[in-house]
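Let me begin by presenting the structure, written as structure tokens, before commenting on it.
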Amino acid sequence: MVVTASRLRAVGGVGLGLAGLAVLLLLRLATADQPVESVPAPVMDGLTLALSVLIESLPFIVLGITLSVIVQLWIPQKWLFRILPANRFGRRFVISLLGMFLPVCECGNVPLARGLVARGYSVSDSMTFLLAAPIINPVTIITTHQAFGFDDGILVARILGAIVIANVLGWVFALHPNPETLLTTRFAAQCAVGPSVASSSRMQRSTDMFLREATVLMPALIVGSLVAGAIQVIVQRDTLVALGQDPLLSVLAMMLLAFVISICANVDSFFILPFADTFLPGSILAFLLLGPIVDIKMLALLKTTYRNSTLVRLTLLTVLITAAVGTAVNLVA
Amino acid sequence: MWRKFTTWRGPIFIAVISAMVLWLYFSGQLSLYIHPRYHLFTAVMSMIAVIAVLWGVGYASQPNAAKASASGDGAEHDHDHEDELPAGRWSMAALVGSSVLGVATIAALVLLPPATLGSVTVENRAINQSGLGDTAASLEAARQGDDASFAAFTVREWAGILRQTSDPAFFRGKPVEVIGFVAEDPENGDVFYLTRFVVSCCSVDAQPVGIPISLPDWESEWAAETWVRVTGEFVVNPNLEENHPLVVRPQSIEPTEQPREPYLF
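For the record, the sequence lines run as chains B and G. Every letter in the first sequence is one number past the one before it in this note's numbering, and letter 273, counting from 1, is 939. Every letter in the second sequence is one number past the one before it in this note's numbering, and letter 38, counting from 1, is 950.
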């Protein structure tokens, strides 16, 4: 009897949720063809660009949260550690290749890396994963190959560059005496509680976890996308592109473009391909290395997990290494 | 109430945005934001998000949900929400600010019709800077082309051919019939650009491509962003002071509907 009442309430709740979505869809249908002359053109274009970043990232966030739930609740903990060598450099190297089994871009990797820390990975190990996996994964490798083939060695350089950046930063952050202070207080507290042993079913805990990750990540994703959209209306793209031929300036311009554009690693090769005619290969490489790690949207997402001071260090180190690699390739190529 | 708000705002955001993405998918308008190659993946993931949130609403509605929260997983959950209560003025501002932006984003998705990019973005990104595709292939197709293949050319192919050659003899007898929207040429007054956006991933990377249409005082006839069909032929630019050696001399310019897929992929 109790079970029936409980089930009825659950069905009622889902019904209410569905009704809410139905009302919004009806509103959407009713306003679908309304003209919008009242919205100024720059606002409208900024909004379209922001929604484009949001809609492009959304499926990867959902995939990342889903994989994070699977890693935390459906995979035995020993699997996560068995494949790792005891030596810490070897361990980080193997971790930087884990993305090969998890085809998520950088926004999806944020919940996944959070899941790995919650599951017992050290902060620096999870950061190594977070930095490498968006590039060292089958989807990004395939799309980069589709866009560039093996021309100019961009694909190989991108893979090697990502491994170097991830391992160097993993090593640097491993030197920190209290790594847990790199995390936000809230996330550290959540990890300290550890994986839960609850009376509720695993399915229920999976759903809870999905909702909780959405609670943390969605506001960050929205803010990041809106800022990225607004900045693209303000910053003149052709000024950036005019810097194409200088070995150092063009690297900096491409890094700035990657930062502003906030596009996912799985698809960024198609974005940058049309610029390959006008820009030196090292500059294209800098775009492809920096974007998956540091951009407006990613900083908003990373802020859910890492403290500001951690993000400043992470950004500076990544920018320095990327600029060095990009300029070196430009000078040699 | 406060706790409910902080717990549910993220799930509501993801469910509503995903539902709107599904509407865009089923109404055939998702390509206003992302390349068609990502449509199915995006739709499937949006469906997963909507189902997961509704599933969660179902669990949360059960009377024993509160009881379960008191122990095990729930204890962790509760602890989490205590922490989510804004501790200081800045966290409060961040919470309110991100909530307002989230609601505004949802309002935009629900109330504003999906829109293509316009002249603001054209001005921001120089026309024909990139996105012309394989211009040598376009030139070759034009060299061997018959009227049927010229009819299939878009502004992108013609702009690519113009990049390859400015020999007026090459263009003789090659009819131009293309659609696009009107955009100002900031450097030349007697022409407007017939423009399309080329998108390789999502509209963030939209790159304007266009061809110059010769029509002195065009502003008095056509407003920027109007979609038009132009027929004509490339000829030597009558205004020698302008930096286009060749321009389209239009035989006709007619207003037309914005195509269902306004971007070129």
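Heads up, the beta-carbon is just placed ideally off N, CA and C, and yes, glycines get one too.
Any chain G beta carbon closer than 8 Å to residue i
i, result
"I888/B", "yes"
"Q700/B", "yes"
"T944/B", "yes"
"I987/B", "no"
"I929/B", "yes"
"L965/B", "no"
"A924/B", "no"
"G781/B", "no"
"G683/B", "yes"
"L977/B", "no"
Neighbour list for residue i in chain G, Cβ cutoff strictly below 8 Å
i, result
"V882/B", "G922"
Interface partners of residue i on chain G, CB under 9 Å
i, result
"L835/B", "Ordered by position in chain G, no residue passes the 9 Å Cβ test against L835/B, which lies about 26 Å from the chain."
"F814/B", "Those do not exist, as F814/B stays about 13 Å from chain G at its closest Cβ, beyond 9 Å."
"T670/B", "Correct list: empty, because the minimum Cβ distance to chain G is about 12 Å."
"G992/B", "Those within 9 Å of G992/B in chain G number zero; the least Cβ separation is about 19 Å."
Cross-chain neighbours of residue i in chain B, by beta carbon under 7 Å
i, result
"S943/G", "Ordered by position in chain B, no residue passes the 7 Å Cβ test against S943/G, which lies about 11 Å from the chain."
"T1033/G", "D711"
"T1138/G", "Chain B residues near T1138/G: none, gap ~14 Å exceeds 7 Å."
"A964/G", "T873, F876"
"W967/G", "T873"
Closer than 7 Å at the beta carbon, the chain G residues around residue i
i, result
"Q870/B", "Y971"
"A823/B", "Chain G residues near A823/B: none, gap ~21 Å exceeds 7 Å."
Amino acids of chain B, ordered along the chain, whose beta-carbon sits closer than 8 Å to that of residue i
i, result
"Q1119/G", "P940"
"A961/G", "L724, V728, A880"
"A1095/G", "Chain B residues near A1095/G: none, gap ~12 Å exceeds 8 Å."
Cα-Cα separation, residue i to residue j
i, j, result
"N996/B", "A952/B", "10 Å"
"A931/B", "L918/B", "19 Å"
"A752/B", "I959/B", "27 Å"
"F938/G", "A813/B", "29 Å"
"G686/B", "P1171/G", "33 Å"
"L764/B", "M957/G", "22 Å"
"P845/B", "R754/B", "15 Å"
"S762/B", "A799/B", "6 Å"
"C1114/G", "P804/B", "21 Å"
"L892/B", "G730/B", "21 Å"
"I924/G", "L942/G", "21 Å"
"S704/B", "A716/B", "19 Å"
"E1169/G", "E1137/G", "12 Å"
"D1079/G", "S930/G", "51 Å"
"V1103/G", "E1153/G", "12 Å"
"H811/B", "G1000/G", "48 Å"
Per-residue DSSP class, three states only, for residue i
i, result
"R694/B", "helix"
"W1134/G", "coil"
"V1103/G", "strand"
"L1092/G", "A quick correction: the sequence has Gly, not Leu, at residue 1092/G. If DSSP states are grouped into helix, strand and coil, G1092/G belongs with the strands."
"I741/B", "coil"
"P923/G", "helix"
"C1020/B", "Nothing in the structure corresponds to residue 1020/B, since chain B is present only between 667 and 999."
"S891/B", "helix"
"R1084/G", "coil"
"Q1119/G", "strand"
"E1154/G", "coil"
"G756/B", "helix"
"V1111/G", "coil"
"F814/B", "helix"
"Q1163/G", "strand"
"E1145/G", "strand"
"P1124/G", "strand"
Chain B within 8 Å of residue i, Cβ atoms only
i, result
"N1155/G", "no"
"W1070/G", "no"
"W935/G", "yes"
"G940/G", "no"
"I929/G", "yes"
"L1029/G", "yes"
"N1149/G", "no"
"F953/G", "yes"
"P1167/G", "no"
"T1017/G", "yes"
The ligand GTP heavy atom lying under 7 Å from the CB of residue i
i, result
"L682/B", "In the structure shown, the ligand GTP is absent, as is every other ligand, since no ligand is present at all."
Chain-ordered chain B contacts of residue i [CB-CB under 9 Å]
i, result
"P1025/G", "T697, A698, D699, Q700, P701, V702"
Beta-carbon neighbours of residue i, restricted to chain D and to distances below 7 Å
i, result
"S1115/G", "Absent from the structure: chain D. Protein chains present are B and G."
Q: Tell me, please, whether the stretch 686-706 of chain B touches the stretch 1004-1012 of chain G by the rule of three or more beta-carbon pairs shorter than 8 Å.
A: The answer is no - the stretch 1004-1012 of chain G does not touch the stretch 686-706 of chain B, with fewer than three Cβ pairs under 8 Å.
Q) Using 8 Å as the threshold, is the stretch 748-764 of chain B in touch with the stretch 868-884 of chain B, meaning 3 or more CB pairs across them? A) Judged by Cβ distances under 8 Å, the stretch 748-764 of chain B makes no contact with the stretch 868-884 of chain B, as fewer than three pairs qualify.
Q.
Closer than 8 Å is the cut-off here; do at least three beta carbon pairs connect the stretch 1138-1149 of chain G with the stretch 1071-1088 of chain G?
A. Taking a contact to require three or more Cβ pairs closer than 8 Å, the stretch 1138-1149 of chain G and the stretch 1071-1088 of chain G qualify as touching.
Q.
Would the stretch 722-742 of chain B count as touching the stretch 843-858 of chain B if we require 3 or more Cβ pairs under 8 Å?
A. In short, these stretches do not touch, since the Cβ pair count stays below three.
Q) Can you find at least 3 beta carbon pairs, one from the stretch 1117-1137 of chain G and one from the stretch 1092-1100 of chain G, that sit closer than 8 Å? A) Verdict: yes, contact present.
Q. If we count Cβ pairs, one from each stretch, closer than 8 Å, do we get three or more for the stretch 980-988 of chain B versus the stretch 831-840 of chain B?
A. By the C-beta criterion, the stretch 980-988 of chain B is judged to be in contact with the stretch 831-840 of chain B, since at least 3 inter-stretch pairs fall below 8 Å.
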